[in-house]
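Numbering (my numbering), first residue to last: 1418 to 1726. Beta carbons: idealized from backbone N, C-alpha and C, even for Gly.
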């Protein structure tokens, strides 16, 4: 089992806030630091200091950490040309000594696209498939050979397919609750399938569907890592838990919706154990208040020792 911190910096947090969380993850034995890839705050509240670009941030963190995995959960296909994204990720991989991971999805936040003038086509699954083909194709092209691609949305003419990542294969994460195309794309292109923000019965269902998608193309399902991302509040007592819920604009009762992770370290560990039994191999603890570094430390120092490995 692997355990990562997962954050939402567009809610009003700086690079330094993210650095503090990444350093907490590294200091306390967690396996990775992952962030959303968004430019607009969701919901009410002060968006200042303003958005940070995901891959610029990860490049900085690559030079300020030495062990943890670094990646997006997930980048939207609407934000970057796939060939440029392949270069960006390969460069972060080199800057980190081979610790980059790419989560890629269709995107969903239409208001964000309107705010920043980013095209938001109604149908985006074909875009996702083309981007997965291009990014993985560029990385896998043999040295000194070029990569060409002709699709409905993108065309590459003898791209040099450089730079190559440090890792032989950069982990690619595909996730979501779609019943057919999402699991099919994960089975064909991904190293990891992620499902987030759902109850345990839905986790079990989605894991079964993606395993079946692997079998349908003669891929061993055991070669696809299964992961879960869940909003998380951990506290030493009820007062701690309620305070952390209030800091993100919720009551404890609102946050405790049957899917989220909430409670003392021992209580959260019990649910993680159930997710492990369902087949989860990695859990992303989504912590929303990046100014609460003590929360990140608590996950590493008091929750992590209780978790299944």
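Residue 1717 in three-state terms, based on DSSP: Residue 1717 sits at position 300 when you count from the first residue of the chain shown. Looking at residue 1717 - three-state DSSP - the assignment turns out to be helix.
By the three-class DSSP mapping on this structure, what secondary structure does residue 1545 have? What you label residue 1545 is simply residue 128 of the chain shown in a count that begins at 1. Correct three-state label for residue 1545: helix.
Which whole runs of the alpha helix (DSSP H) in the segment 1428-1488 are 4 residues long or more, in chain order? 1432-1444, 1471-1481
May I ask you to report which of helix, strand or coil DSSP gives residue 1703? As a position in the chain shown, residue 1703 is number 286, starting the count at 1. Reduced to three states, the DSSP call for residue 1703 is strand.
Quick check: residue 1600 and residue 1651, are their CB atoms within less than 7 angstroms of each other? Residue mapping note: residue 1600 aligns to position 183 of the chain shown, counting from 1. Residue mapping note: residue 1651 aligns to position 234 of the chain shown, counting from 1. For residue 1600 and residue 1651, no; Cβs fall outside 7 angstroms.
Determine the DSSP secondary structure at residue 1538, reduced to helix, strand or coil. Within the chain shown, numbered from 1, the residue matching residue 1538 stands at position 121. When DSSP states are grouped into helix, strand and coil, residue 1538 belongs to the coil group.
Using a Cβ-Cβ cut-off of 8 angstroms (strictly less than) and excluding sequence neighbours within five positions of residue 1678, which residues of its own chain qualify? In the chain shown, counting from the first residue as 1, residue 1678 sits at position 261. Cβ neighbours of residue 1678 beyond the five flanking positions: 1647, 1648, 1649, 1650, 1651, 1685, 1688, 1689, 1702.
Output the distance between the C-alpha atoms of residue 1635 and residue 1641, rounded to the nearest integer angstrom. Position 218 of the chain shown, counting from 1, holds the residue named residue 1635. Position 224 of the chain shown, counting from 1, holds the residue named residue 1641. Going by C-alpha positions, residue 1635 is about 12 angstroms away from residue 1641.
Can you tell which of 1716, 1726, 1692 has the C-alpha that lies nearest to the C-alpha of residue 1438? Looking up residue 1438 in the chain shown gives position 21. Closest option to residue 1438, Cα to Cα, is 1716.
Buried or exposed: where does residue 1453 fall if 16 or more other Cβ atoms within 10 Å of its Cβ makes it buried? For the purposes of this step, residue 1453 is taken as the residue at position 36 of the chain shown. Residue 1453 is buried by the Cβ-count criterion.
CB contact flag (residue 1589, residue 1704, <7 angstroms): Residue 1589 sits at position 172 when you count from the first residue of the chain shown. Residue 1704 sits at position 287 when you count from the first residue of the chain shown. Not in contact: residue 1589 and residue 1704 (Cβ atoms no closer than 7 angstroms).
Ignore the nearest five residues each way along the sequence and tell me which others in residue 1481's own chain have a CB closer than 8 angstroms to its CB. The residue labelled residue 1481 in the question sits at position 64 within the chain shown. Result list for residue 1481: 1436, 1439, 1440, in chain order.
On the criterion of 16 or more Cβ atoms from any shown chain inside 10 Å, does residue 1694 qualify as buried, or is it exposed? Indexing the chain shown from 1 puts residue 1694 at position 277. Residue 1694 is exposed by the Cβ-count criterion.
Please determine if the segment 1472-1492 and the segment 1559-1573 are in contact, where contact requires at least 3 C-beta pairs separated by less than 8 angstroms. No, the segment 1472-1492 does not touch the segment 1559-1573.
What residue range does the beta strand (DSSP E) around residue 1646 cover? Walking along the chain shown from the start, residue 1646 turns up at place 229. Unbroken beta strand (DSSP E) run through residue 1646: 1642-1651.
Would you give the residue range spanned by the beta strand (DSSP E) that residue 1565 belongs to? Along the chain shown, one-based indexing puts residue 1565 at 148. Segment 1564-1567, the beta strand (DSSP E) holding residue 1565.
How about residue 1432 and residue 1533: are their beta carbons less than 7 angstroms apart? As a position in the chain shown, residue 1432 is number 15, starting the count at 1. As a position in the chain shown, residue 1533 is number 116, starting the count at 1. Taking 7 angstroms as the Cβ cut-off, residue 1432 and residue 1533 do not qualify as a contacting pair.
Could you give the distance in angstroms between the alpha-carbon of residue 1521 and the alpha-carbon of residue 1494? For the purposes of this step, residue 1521 is taken as the residue at position 104 of the chain shown. For the purposes of this step, residue 1494 is taken as the residue at position 77 of the chain shown. Their backbone Cα atoms lie some 7 angstroms apart in a straight line.
If I measure Cβ to Cβ from residue 1665 and keep anything under 6 angstroms in the same chain, skipping five residues before and after, which residues do I get? In the chain shown, counting from the first residue as 1, residue 1665 sits at position 248. For residue 1665, where only same-chain residues beyond five positions count, the Cβ hits under 6 angstroms are 1705, 1706.
Spell out the partners DSSP gives residue 1520 in its beta bridges. Along the chain shown, one-based indexing puts residue 1520 at 103. DSSP lists 1590 as partners of residue 1520.
Considering only residues of the same chain and omitting the five flanking positions on each side of residue 1426, which have a CB-CB separation below 6 angstroms? Locating residue 1426 in the chain shown gives position 9, where the first residue counts as 1. 1435, 1452, 1469, listed in sequence order.
Between 1514, 1605, 1574, which has its C-alpha nearest residue 1591's C-alpha? Reading the chain shown from its first residue, position 174 is the one you call residue 1591. With distances taken between Cα atoms, residue 1591 lies closest to 1605.
Beta-carbon contacts of residue 1721 that lie in its chain and below 8 angstroms, excluding the five residues immediately before and after: Taking the first residue of the chain shown as 1, we reach residue 1721 at position 304. Closer than 8 angstroms at the Cβ level, and outside the excluded window around residue 1721, lie 1420, 1445, 1446, 1447.
Assuming residue 1523 and residue 1555 are in contact, meaning their beta carbons sit under 8 angstroms apart, how far apart are those beta carbons, in whole angstroms? Numbered from 1 along the chain shown, position 106 holds the residue referred to as residue 1523. Numbered from 1 along the chain shown, position 138 holds the residue referred to as residue 1555. About 20 angstroms; that fails the 8 angstroms criterion.
Minimum C-alpha distance to residue 1712 - residue among 1680, 1697, 1726, 1696: As a position in the chain shown, residue 1712 is number 295, starting the count at 1. Minimum Cα distance to residue 1712 is reached at 1680.
Using DSSP's beta-bridge definition, name the partner residues of residue 1576. As a first step, residue 1576 must be located in the chain shown, where it is residue number 159. 1564, per the DSSP bridge assignment.
Could you tell me the distance, in whole angstroms, from the CA atom of residue 1412 to the CA atom of residue 1602? In this structure the chain extends from 1418 to 1726, so residue 1412 is not present and cannot be described.
Neighbourhood of residue 1463 by C-beta distance below 6 angstroms, restricted to the same chain and skipping five residues each side: Here residue 1463 is taken as the residue at index 46 of the chain shown, counted from 1. Excluding positions up to five away in sequence, the list reads 1429.
Which residues does DSSP pair with residue 1420 in a beta bridge? Reading the chain shown from its first residue, position 3 is the one you call residue 1420. Looking at the DSSP output, residue 1420 sits in a beta bridge with 1700.
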